[in-house]
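For reference, the structure is listed below as structure tokens.
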Amino acid sequence: MVRNHHLAKSISDAGWNQFARILTSKAANAGREVILVNPAYTSQDCSQCGSRVRKSLAIREHRCINCGFVAHRDHNAAINIQSVGKSAGPCFGDGLRSPCEPRRIPTIAGHPV
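Residue 51 is where the sequence shown starts when you use this note's numbering, and the numbers rise one by one after that.
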């Protein structure tokens, strides 16, 4: 393990960036889209009403003081991340429409053009 916290964070960030780049490339080759979501405040913003409920990482339960919604903070964050993906394009949304047909993205030597 790296003792320098800043160096460890840089190494971790580089790993996630590389993973996101590879995943995006693979998805493009399969005619799919990857939607990158900024994780900031996803566990603090209420997935039901949108109000921000600040809490420390030690508090594992999300309790909205505005609407009363209660959920595990990770589940609340997952709902918020999913809603960003659903609102990202015409293939997503209310879930009532049929899914989009996969589309092929033209590539040259494995890279999207």
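Quick reminder that beta carbons are idealized off the backbone N, C-alpha and C, glycines included.
Exposed or buried, which one is residue i when buried takes at least 16 other CB atoms within 10 Å?
i, result
"D63", "exposed"
"S137", "exposed"
"C117", "exposed"
Whose C-alpha, out of the options, is nearest the C-alpha of residue i?
i, options, result
"R110", "V120, I72, C99", "V120"
"A108", "L57, S101, H122", "H122"
"C99", "L86, K59, A90, R113", "R113"
Can you give me the C-alpha to C-alpha distance between residue i and residue j, rounded to a whole angstrom?
i, j, result
"S106", "A127", "14 Å"
"Q132", "L57", "31 Å"
"A70", "D124", "21 Å"
In terms of residues, what are the limits of the beta strand (DSSP E) holding residue i?
i, result
"V134", "Careful: V134 lies outside any beta strand (DSSP E), inside the alpha helix (DSSP H) at 123–136."
"R113", "111–113"
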